[in-house]
Amino acid sequence: MSRLLQDLADPNKDVHSDAETMVVMDFTEEEALSPRGNMTSSFAGAHDTKLQQDDPVIMWAEVVPGKKGTGRLKKSLEVKRDYLEKLLRRPLWDAALLQGHEVAVNKSVFESFDGPDGDQLSVTITVKSPFFNAKAMKDLTKGDAAAEAACRQYLQTYNLEVLSDLCSKGGLKVNCADDKSFQLKHGEHFVLGPADAPWLKK
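The numbering used here puts the sequence shown at residues 867 to 1068.
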């Protein structure tokens, strides 16, 4: 099965790609975003060429500031996020929410329309994994950084199937050093990916 992108003959659209990812940039004028009301650079889509729709992965995007960046790419990403998610048929999360333990299966950085020294778009695809509520974890372990790290690491030892089962059961108990134990609750201390995190919706 192959995937096709339409309207690439449009002079307002440009394509950048590598072996894993394709990004389409839309330069169509848009009054609402243009500082002078005459031109906007708007990001139209990021489309992975190999992933299947039901693959258990999470997509993240961020704008990497450049020496000559104008901020237009960041503005476009913010305004066009809903449209991008419809195009991708999956959520596109702010990479600022990455917690550091995720396993990346692909990361691509694309030059923007500001040129080589301009802002760049970075798209990261990670394996679906535990997503922790930092405040709740700190409260649970009473500020014990070592205990919190142990709880996080322990949960990461399980594969997605087991993690899903643990979630359905409400969570799990983690035994740490010094006879300490902590009850990690699904929906309070962790979830599987940011889409299920109620603390992000408050």
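Note that the Cβ used here is the ideal one computed from N, Cα and C, for glycine as well. Bear in mind the structure is a predicted one, so any value in this text is a computation, not a measurement.
CA-to-CA distance, residue j to residue i, given in whole angstroms
| i | j | result |
| --- | --- | --- |
| residue 971 | residue 1035 | 29 Å |
| residue 943 | residue 1064 | 24 Å |
| residue 1027 | residue 1007 | 26 Å |
| residue 1014 | residue 1056 | 12 Å |
| residue 869 | residue 922 | Per-residue confidence for residue 869 stands at a pLDDT of 48, beneath the threshold of 50, marking its modelled position as unreliable; the derived number appears in the next sentence. Looking at the two C-alpha atoms, the distance is approximately 19 Å. |
| residue 1031 | residue 938 | 43 Å |
| residue 910 | residue 962 | In this predicted model, residue 910 has a pLDDT of only 38, less than 50, meaning its place in the structure is not dependable; the value taken from the coordinates is given anyway. Each residue's alpha carbon lies about 21 Å from the other. |
| residue 982 | residue 917 | 28 Å |
| residue 1041 | residue 1049 | 9 Å |
| residue 930 | residue 1000 | 25 Å |
| residue 1051 | residue 1003 | 10 Å |
| residue 1044 | residue 1011 | 14 Å |
| residue 953 | residue 919 | 12 Å |
| residue 1060 | residue 1029 | 15 Å |
| residue 1047 | residue 1024 | 18 Å |
| residue 936 | residue 1037 | 46 Å |
| residue 1077 | residue 955 | Because the chain in this structure spans residues 867 to 1068, residue 1077 falls outside the shown range and cannot be described. |
| residue 1067 | residue 965 | 18 Å |
| residue 1054 | residue 932 | 38 Å |
| residue 1062 | residue 960 | 15 Å |
| residue 1005 | residue 934 | 42 Å |
| residue 1009 | residue 974 | 36 Å |
C-beta contact flag for residue i and residue j at 8 Å
| i | j | result |
| --- | --- | --- |
| residue 976 | residue 987 | yes |
| residue 1074 | residue 1019 | Shown here, the chain extends from 867 to 1068; a query on residue 1074 therefore has no answer. |
| residue 958 | residue 968 | no |
| residue 940 | residue 985 | yes |
| residue 1017 | residue 1058 | no |
Strand pairing of residue i, partner residues [DSSP]
| i | result |
| --- | --- |
| residue 973 | 990 |
| residue 923 | 993 |
| residue 960 | 927 |
| residue 1039 | 1049 |
| residue 1058 | 996 |
CB contact check: residue i to chain C, cutoff 8 Å
| i | result |
| --- | --- |
| residue 1027 | Within the model displayed, chain C is absent; a lone protein chain is all it includes. |
query = How do the region 984 to 1004 and the region 921 to 928 stand: do at least 3 beta-carbon pairs fall below 8 Å, yes or no?
reply = yes
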